[in-house]
Each structure stands twice: as C-alpha cells, then as structure tokens.
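Chemist:
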Amino acid sequence: MMEQYWRVKSRHPDKIVFFRLGDFYEMFYEDAERVSRELELTLTARENKGGRIPMCGVPYQSAETYIARLIERGYKIVLCDQVEDARQARGLVRREVVRVITPGTVVEAAMLDERRNNYLAAWLRQGDGWALAAADVSTGQCLVAAESGAEAAARLRAEVDRLAPAECLAPESQVEDLRRWAGDALRTVTPRPDHDFDPRRARELVTEVFGPATCNALLEGAAGGPAAGGGSTVLRAVGGLLAYLADTQGRVPANLEPPRVVRASEYLVLDAAARRHLELVGRSSDGSRRDTLLGVLDRTVTAMGARCLRSWVEQPLVSRPRIEARLDAVEALVRAPAARQRIREALRGVHDLERLASRVAFGTANARDLVALRRSLQRLPALQAELAGLEETSLLGDLLQRLDPLPDLADLLERALVDDPPASLTEGGLLRDGYDARVDELRLVAREGRSWVTRLEQRERERTGIKSLKVGFNKVFGYYLEITHANRDRVPPDYQRRQTLANAERYITPELKEIEDKILGAEERLNSLEYEVFLALREQVAARLDALRRTASAVAEVDALAALAEVADQHGYVRPELSDDLVLEIEDGRHPVLDQRPDAAFVPNDTRLDGRDRRMMVLTGPNMGGKSTYLRQVALIVIMAQMGSFVPARRARIGLVDRIFTRIGAADDLARGESTFMVEIREALQVLLYATPRSLAIIDELGRGTSTYDGIAFSTAYLEYLHRHVGCRTLLSTHFFELTRLAERLPGVHNHHVQALLDGERLVFSYRVLPGAADRSYGVEVARSAGMPTELVLRARELLLMLEQGERAAAPGAAGLGSAAREAAAAQPGDAGTLPGGSAAQPGGATGPGGGEWELWRTRTRAVLETLAGTDIMHLTPLQAMERLQVLAEQARLLVGWLDGENLDAGGAAGRP
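Written as structure tokens, this is what we have:
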C-alpha cells in the first residue's frame, strides 16, 4: 500500500495527498505533520518495516470541510481514491488520483464564496510586454489583458488588484520577478515549467481548446500583446493557463469560454490605493462588505447577479453608449416597481447556473445539482414574460434574446430525477419510476424481495410464538432475525446465532440468507445501473453547456440591473447626465454609504469642477468637519454613474473620467520598511505619472507625514506641478492654509471650506461645503470636543495665543507666513515675540538666566538637528526608524523643557543623540 502512496506522492511532491483508506482519507509523513498542525488534528503513527510512519486522517464524508480550510491557506490537494470495490478486489485495492484541487481550480460550492469570482491567473513578461490570462473555472469565465510600454506595469497591476487571483502561475524563470512586482497582491504563486509557455505548444493548445479563430486573434495581437518568438505574449500566457488546467484536472474544462480581451482604455482605471481608500468592495480594516459601496448597492437575489454587480463596481465603464444602455435599463426597472418585484421574485428561485454548469463540465455534479438546475430553468419562463412587458431598451432586449429557458432540458430532468435525491450517486434512489425500463425491472425484483422479508417476519412470529421477533438489516451482517433474551428459550433449532447484543440475540436461517443474496444482488445491480444512467443524463446536460452559459450570463445581468433599480427607487437616487466634456457638477450630492445610516441625517453638498476655470478645489476646515467624507463622496458618485447606476444627488452631470487617483489617509507600510511620508509620496507620484486631463485626483492632507515646513513646501510644489503639467480635475483637502493662496496666482484653482461654528465653548459642525477658505483650523476646539483634559486644552490655547502674537510681531521678512510658520517667526533672532514658557527673545541670541546656558542649549540643539539631518530614512527599517526617532524625541523634550524653566543639566546626554 505504501508503494501505491509513494507513486502518487512522487508525481505531486508540492501537494498534500489525501489517500483513501476505507471510510477515511489518510495523510502520511510530512503531509500528516503539516495537516495536523494546520487543522489541529491528532497526529498518530503506524509501524512499518522502515520505522514509524507519522499519519493523520479525516472522515471521507466530511473531507470537503477540511480540504476547504487547507485551500484557503494556499495548499494544493491531491485526492487519491479507491477505484474498485474492496469486496471484489483481488489483493490490494486499486487507487488512482481522481482530482487535484488548488486555490485556483476549486469548483466545489462549499469551498467558494458564492458572491465573488475565484480566478486562476497566468502571468508572463517578455521585453516591455506584460500579459495576464485569467479564468474562473467555477463559472467558465476567461479573460486576457496585455500591456506594453511605460505604463504596462501599472496598468496590469491594476488588473491584478481587481481580479485578486486565488492562484497565479508564472514560468519558473520569472517567478521571482513576479513576486517582486506583485508584492502581497498575490496569495499563491505557482512556478510552472518554462515549456508550458512555449509559443508552439501554446498555439496548439489554444487551437485545440478554443479553435483556430481564437488562436489567430491572439497571435495577431488582438489582445495588445507584442508578438515575438513565434507567438504573442498573451497567447503564451493563455497557453500556460490551459496547460496547468490540463495537468491538474486531466483535461481543460468544457465550460471554459474563449478569452475575453480586457483593454484598460475601455474601463475607468482604479489602482489598489483607490480601491482601498474608497472601500469599494471591502473595508480596509477587516475586508468585510459592510459599509462599502458594494454593500450598499448589492440587493441581488442570485449568486450570479452578485458576482456580476461586483464586477461592475470594480470595473466602471468609460464608453458613453454602454453606460447609457445600462442606465436606460435601470430607468425602465425603476419606472415599473410592480414588474421589478415580480422579476426579483422569479429570480429568487434560480440557483447558481454558472457554477452548476461548471460542475457538470468537471464531472462532479450530483443528482441534487441537476435537480437545482431543473428548478432554475423552470423559473425562467416567468422571468421572460416580465422582461417582455417592460419598456423596451437595447440592453433589456438583448438580455431577453439571450435568456433561453431550455424547456426540453428542463423536461428531461423532470422526467428523470426524483425531487429529493440522495447526495451519493452510488446508493440508488436517483431516478423516477418509468424513466428507464431496466431500472424499473430491477426495482421490482428488489421490492418483491423486501415484501418476501416482511412476509417471512410475520410467518416466523406465528411459528415461534414470539410477537416481538423482527427482521432487520445492516451492512455488516446483512439480514437477520432479532429475538430478545427473554424469549431465548423459544428459539427454533434451525436458527443460527450471528450476534449477541445487550438485550437481544441476532440469528440467520438458510432460507433468509438465500433471499438476502437475491435481494442484495438485485439492489447492487440496481444501484450500479442507476449510476450508469445518471452519467448518461449528465452527459446530455453537458452537451447544452454553451446555451446554459449564455442564459446564466443574461440572468446575472438582469439581477444586477434590478438590484440597482431597487436601491435607486428606495433611496431617491437620480439618473446622472453623462457628457464628453470635463464638467463635474453635482447638486446636493450625498455619500452613498453614510446616507443610509439610520442614526443621523446626511448633509448634502454641491460640487463643480471643469477642465478650465475650476480644475482644482482646495478644501480647508477643521478635523471631523467632513473633508475626507466629501472627497470620497465625489469619487463614489463618479464610479456609480460610470458603472451604470443612478446616484445619490438631486442632479449630477458627469464628464466621463478615465482614471481615479486617491491619496487618502496616513499609515506606515512596515512590511516594505516605508514611512508614512514615503507611502504618501508613492501614491501622489501615480497622479503625476499616469493622470490625463480626463482623470480625477482625490488628495487628502498631502504632506502630513513629514514636518510642517516640508509639508507646505512639498504640497505647494506638487499642486503647482499638477496644475502646470497634468491639468486633471483635482479635489485636495489640507490643513496648510498657505495652499489657499494658490488661488490668487493659479487660474482654475478655487477655495472651499467645511463650515464650523463656535457656540460658546462648543464647536458645532454644519458639514456644509462653502466657497472660500476657512479662517482657522479649530484644532484646540476639536481636541476639547474629543474629551481631552481641561488643563491640557487651556494650556494649548495659551500657547496658540502666544504663537499667533509672535507671528504678528515677527520681522517683516517673516510676516504673513501663516499658521504653519508661526514657530519660526516667533524664534527668529531680533523678534519681539514670546517663547513658550515666557522667556523673552533677546537680540543677539541671549535669553534666560545667562548667555552661557543659552550657548549650551544652542550646542545641544545643533547636535540633535545634525543627527536628524544626517539620517537617511530610505535606508532604515521601520524598527530602526522608530528607535532613532525615540532617541531624538527624548533629546528634543529636554531642550523644550529648558525653555519652560527646567534644568538643562538634567538632560546630561542631550548633546549625544
């Protein structure tokens, strides 16, 4: 037996082998140790002539649950099953690999999230060309994307971020390149032999699976891949994907669609930062759908519709005709609420046709799957009738044409299968009476045998006088006669005892064994025949996969459109006006997520941007005033409009956007060893590199990850460059009031602020966005409203007043620098301001008790600044940076303490940072 195991394991060294032994799947050696650790199972051992063999096992009937947990953690599984009946085997039971399950090839419903796709991808780079092929084998969807030139890496990375492949393949020679390029965007990277991506082999495989037309289209660069080495980059990527499927599944699934070309120019591009900042489909904190745009819009009632809607959210359109077609369909459904509810009711009875079809193609669909398919098809005529009665639109008309209820297939499944079949395919009970004459004949024999058993039971009761005598059956002993111990003395001599129980004895008779052989023989033949007939039935379903796939796609789109109409109707959304110019006008816009919270009424706001006079909005105001919410709100409304949804506003006119950039939030990326400011710079750089005048940039608090002066300088220079060289529509929020002066010298820049009012000591936020710059930041008031101690708030006000007085009294060269420069203005030599702690500024640099102590302070301050200036943050790990910062902060506290009257000597080491 272990020789059998090692033959399988040697062919799959990178996978965990589930080896069938009776009612269990067993794992051995390293596999057993790994699985016992991951799943917290008991690790046992068996003796072998070569020593002890570590092993652990899971029950065959519940193995799917354990496999799902391993797949989720990135493991690959080989199922090695018994392929002959152990009772009929001569010697060792024959075992074969019946299934290879990897993160990207899962089709089992229990292992999948029904509301999102599960992609297997193949990645390839050739020169300056990049290609990505992806397939969801659980639905049959297949797509390709290829890019070349300067933007290739960024565009393809955005596609990887959107697809989030469960598994990504790459040639062995390029695996490290892929890992460096993708970082943590890929969960599982699988190296494959370079010859899987060979142009000639790829051409043959693509032709065999999809036909010569698809192969030629890919070869001719229809997907945008540069041709080289006898085949395009994208063709080689598709070939590598198909080779892996053939290797792991034994064949390429029959339900796989010809690759659909995804061109970045056809969709609104959203990179990983934008998806994360805007929380389109998952919260940045925990990945859940709650409080996301998808969570708001997803009123779908089928799994297919949910996946379709998710793809629309993640991939908004830029083609005005396609967007208008969706909006026309949504509007028709909004105008017919009664019909829409009937459509949604019909959809509620439709199962996941896409994944049912995939299980048919894989040969894993059971009778329950086919019954679910039958019930789904039987719901479609009602759906057709309701769609036909709606106001005609181009999209709804196309969907109606694609929707085929397949009545002949539904009728076949109705005649063939019982309403509630068992999960197992080999234990009978699958087929209706009258469907197959051979099955009916064997059933008659089996039923007559069971009737004979019933008559035997009655006859033996009368013969023995034991009224409690009964005939039973189990798989170990077969049929038996059971008699309680109280009646043991009345047992006839021809009874043969087989089993003793606590309260009874079990017996057999020659006559009982004879009829048992006939019954079991008939039932065994019956079960075998039913299985054979079912396989033929499943093949008939497989022959209709193309029609099923088209119908499933149509049902998914109808469900997604009805969901958008439902949300629009319930929440008072309006149809956006689309335009080809650069105008972005929103009247009384609302944040789609916050607008649905029941705890408070959302305050709507207007937005107006265009490509000339109002290209940039600089938004100022206090924290907690709603600046970040407003920025996100504008971006989300644009995304909703371009995915074909109504929007939360009184009116919206959207000049189509080709890409949305976001720079929101401040956080270190410890995994990459990057500081907060470095993360800001990387995200802000994307706008300068890839934005066009048709793009929309959302920038929140640029420069807060560094010092005040650096932040002002960088933010000012950044906006100037953006205005001069890019010219995209931009919304920027800031606490740097200096940026508001850009409106005085840069055409197209205008100021707005979020309104805040003081009601006595209480700060009141109106959440209104109004024209003009804010007059102050209200930082101290915000701290007070957040619950800071009163003593701290009073001290902060005192210091703020001193700093403001210092600015007003500053030398003419420093006057008017604004709040961000107050510290410098107050500390300049010759100033008449007041330093914190009350020490008067002295001309010539002397202050405090004496010039000597001041000189000591200056010396130690210079040492701290020199250390800071000599720190190269690009070459520090996060831990090193925190340690360096801790030392410098301690020295700075000692130096500031001296200004407040503390003893400088207490610092001791202040000069040795």
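Residue 321 in the numbering used here sits at position 317 of the sequence shown; the count goes up by one each step and never skips. Even for Gly, the Cβ is constructed at its ideal location relative to N, Cα and C.
May I have the straight-line CA-CA distance separating A125 from E171, to the nearest angstrom?
Modeler: Counting from one through the sequence shown, the residue named residue 125 turns up at place 121. Counting from one through the sequence shown, the residue named residue 171 turns up at place 167. Those two C-alpha atoms are separated by around 6 Å.
Chemist: Quick check: is any heavy atom of the ligand FMN less than 7 Å from the C-beta of V164?
Modeler: With respect to the ligand FMN, the structure shown offers nothing to examine, as it has no ligands at all.
Chemist: Taking its Cβ as the centre, do 16 or more other Cβ atoms sit within 10 Å of P216, making it buried, or is it exposed?
Modeler: For the purposes of this step, residue 216 is identified with residue 212 of the sequence shown, where counting begins at 1. Exposed, because fewer than 16 other Cβ atoms sit within 10 Å of the Cβ of P216.
Chemist: Less than 8 Å separating the beta-carbons of L588 and R733?
Modeler: Taking the first residue of the sequence shown as position 1, residue 588 is located at position 584. Taking the first residue of the sequence shown as position 1, residue 733 is located at position 729. Yes, these two residues count as a Cβ contact at 8 Å.
Chemist: Here's a check: name, in chain order, each residue in its chain whose Cβ is nearer than 6 Å to the Cβ of A825, leaving out the five neighbours to either side.
Modeler: As a first step, residue 825 must be located in the sequence shown, where it is residue number 821. Below a pLDDT of 50, predicted positions are generally treated as unreliable, and A825, at 38, falls in that range; no measurement from the model is reported.
Chemist: Sort R772, G254, Y79 by Cα distance to T611 and report the nearest one.
Modeler: Walking along the sequence shown from the start, residue 611 turns up at place 607. Considering only alpha carbons, the answer is R772.
Chemist: Rounded to whole angstroms, what is the Cα-Cα separation between N52 and M6?
Modeler: Here residue 52 corresponds to residue number 48 of the sequence shown, with the count starting at 1. Here residue 6 corresponds to residue number 2 of the sequence shown, with the count starting at 1. Distance between the alpha carbons of N52 and M6: 9 Å.
Chemist: Tell me S130's beta-bridge partners as DSSP assigns them.
Modeler: Along the sequence shown, read from residue 1 onward, the residue named residue 130 stands at position 126. A small fix is needed here, since residue 130 is Gln in this sequence, not Ser. Note: Q130 sits in a beta bridge opposite G133.
Chemist: Can you look up E112 in the DSSP assignment and give me helix, strand or coil?
Modeler: Counted from its first residue, the sequence shown places residue 112 at position 108. Coil, per DSSP.
Chemist: Roughly how many angstroms lie between the CA atoms of E515 and Q86, to the nearest whole one?
Modeler: Against the sequence shown, residue 515 aligns to sequence position 511. Against the sequence shown, residue 86 aligns to sequence position 82. Cα-Cα distance, rounded: 34 Å.
Chemist: State buried or exposed for I105, treating a residue as buried only when at least 16 other CB atoms are found within 10 Å of its CB.
Modeler: Against the sequence shown, residue 105 aligns to sequence position 101. Answer is buried; the Cβ neighbour count reaches 16.
Chemist: If you draw a straight line from the C-alpha of A551 to the C-alpha of L147, how long is it?
Modeler: As a working note, residue 551 is residue 547 in the sequence shown. As a working note, residue 147 is residue 143 in the sequence shown. The straight-line gap from Cα to Cα measures roughly 19 Å.
Chemist: Per the contact definition of three or more C-beta pairs closer than 8 Å, is the region 508 to 522 in contact with the region 320 to 330?
Modeler: no
Chemist: Around the Cβ of W10, are there at least 16 other Cβ atoms within 10 angstroms (buried) or fewer (exposed)?
Modeler: As a position in the sequence shown, residue 10 is number 6, starting the count at 1. With fewer than 16 other Cβ atoms within 10 Å, it is exposed.
Chemist: Looking only at DSSP bridge pairs, what is V193 linked to?
Modeler: Reading the sequence shown from its first residue, position 189 is the one you call residue 193. Per DSSP, C172.
Chemist: I'd like the list of long-range same chain contacts for D18, defined as Cβ closer than 6 Å, with 5 residues on each side in sequence excluded.
Modeler: The residue you call residue 18 lines up with position 14 of the sequence shown. Annotation for D18: no residue places its beta carbon closer than 6 Å to its own, counting only its chain and skipping 5 residues before and after.
Chemist: So for S288, helix, strand or coil by DSSP?
Modeler: The residue given as residue 288 occupies position 284 in the sequence shown. Residue state, collapsed to three classes: coil.
Chemist: Per DSSP, which one or two residues make a beta bridge with N220?
Modeler: Stepping through the sequence shown from its first residue, residue 220 is reached at position 216. N220 pairs with nothing; no bridge assigned.
Chemist: In chain order, what residues of the same chain have a beta carbon less than 7 Å from the beta carbon of M628, not counting five sequence neighbours either side?
Modeler: Translated into the one-based positions of the sequence shown, residue 628 becomes position 624. Correct list, in chain order: F769, V786.
Chemist: Could I get the ranges of all uninterrupted alpha helix (DSSP H) runs contained in the region 673 to 725, with 4 residues as the minimum, in chain order?
Modeler: 680 to 694, 712 to 725
Chemist: Where E30 and D251 are concerned, what is the direct C-alpha to C-alpha distance, given to the nearest angstrom?
Modeler: One-based indexing of the sequence shown puts residue 30 at position 26. One-based indexing of the sequence shown puts residue 251 at position 247. Between E30 and D251, the C-alpha separation is close to 24 Å.
Chemist: Quick one: is N507 buried, meaning 16 or more other Cβ sit within 10 Å of its Cβ, or exposed?
Modeler: Working through the sequence shown from its first residue, we reach residue 507 at position 503. Under this definition N507 is an exposed residue.
Chemist: Could you pull the start and end residues of the beta strand (DSSP E) that E51 belongs to?
Modeler: Here residue 51 is taken as the residue at index 47 of the sequence shown, counted from 1. Taken as a continuous stretch (DSSP letters only), the beta strand (DSSP E) holding E51 covers 48 to 52.
Chemist: Check whether the region 653 to 665 touches the region 699 to 718, taking contact to mean three or more Cβ pairs, one atom from each stretch, closer than 8 Å.
Modeler: Output reads yes: the region 699 to 718 touches the region 653 to 665.
Chemist: Have a look at V586 and L726 and give me their C-alpha separation to the nearest angstrom.
Modeler: Stepping through the sequence shown from its first residue, residue 586 is reached at position 582. Stepping through the sequence shown from its first residue, residue 726 is reached at position 722. It is Leu, not Val, that sits at residue 586 in the sequence shown. The straight-line gap separating the alpha-carbon atoms of L586 and L726 is approximately 16 Å.
Chemist: Could you give the uninterrupted runs of the alpha helix (DSSP H) lying entirely in the region 55 to 99, keeping only those of 4 residues or more?
Modeler: 67 to 76
Chemist: Tell me whether V102 sits in a helix, a strand or coil according to DSSP, three-state version.
Modeler: As a position in the sequence shown, residue 102 is number 98, starting the count at 1. Under the three-state reduction of DSSP, V102 is assigned to strand.
Chemist: Using a threshold of 8 Å, state whether the C-beta atoms of L399 and A329 are closer than that.
Modeler: Here residue 399 refers to the residue found at position 395 of the sequence shown. Here residue 329 refers to the residue found at position 325 of the sequence shown. Going by C-beta atoms, L399 is nearer than 8 Å to A329.
Chemist: Give the DSSP-derived three-state secondary structure of R339 in the structure shown.
Modeler: Taking the first residue of the sequence shown as 1, we reach residue 339 at position 335. Here R339 sits in coil by DSSP.
Chemist: Can you tell me the Cα-Cα spacing of D356 and V457, whole angstroms?
Modeler: By 1-based counting over the sequence shown, the position of residue 356 is 352. By 1-based counting over the sequence shown, the position of residue 457 is 453. So the alpha carbons of these two residues sit roughly 44 Å apart.
Chemist: Taking one C-beta from the region 431 to 438 and one from the region 411 to 423 each time, how about it: are there three or more such pairs within less than 8 Å?
Modeler: yes
Chemist: Quick check on this structure: which residue in R196, V266, Q345 has the alpha carbon closest to the alpha carbon of L222?
Modeler: As a position in the sequence shown, residue 222 is number 218, starting the count at 1. Comparing Cα-Cα distances from L222 to each of R196, V266, Q345, the minimum goes to V266.
Chemist: Short check: CB of V210 to CB of A137, under 8 Å?
Modeler: Residue mapping note: residue 210 aligns to position 206 of the sequence shown, counting from 1. Residue mapping note: residue 137 aligns to position 133 of the sequence shown, counting from 1. No, the Cβ-Cβ distance between V210 and A137 is not below 8 Å.
Chemist: For a test of the three-state rule: what should DSSP assign to N609, helix, strand or coil?
Modeler: Numbered from 1 along the sequence shown, position 605 holds the residue referred to as residue 609. Looking at N609 - three-state DSSP - the assignment turns out to be strand.
Chemist: Between which two residues does the alpha helix (DSSP H) carrying G299 extend?
Modeler: Within the sequence shown, the letter at position 295 stands for residue 299. Unbroken alpha helix (DSSP H) run through G299: 297 to 301.
Chemist: According to DSSP, G476 sits in a beta bridge with which residue or residues?
Modeler: Within the sequence shown, the letter at position 472 stands for residue 476. According to DSSP, which records beta bridges pairwise, G476 is partnered with Y484.
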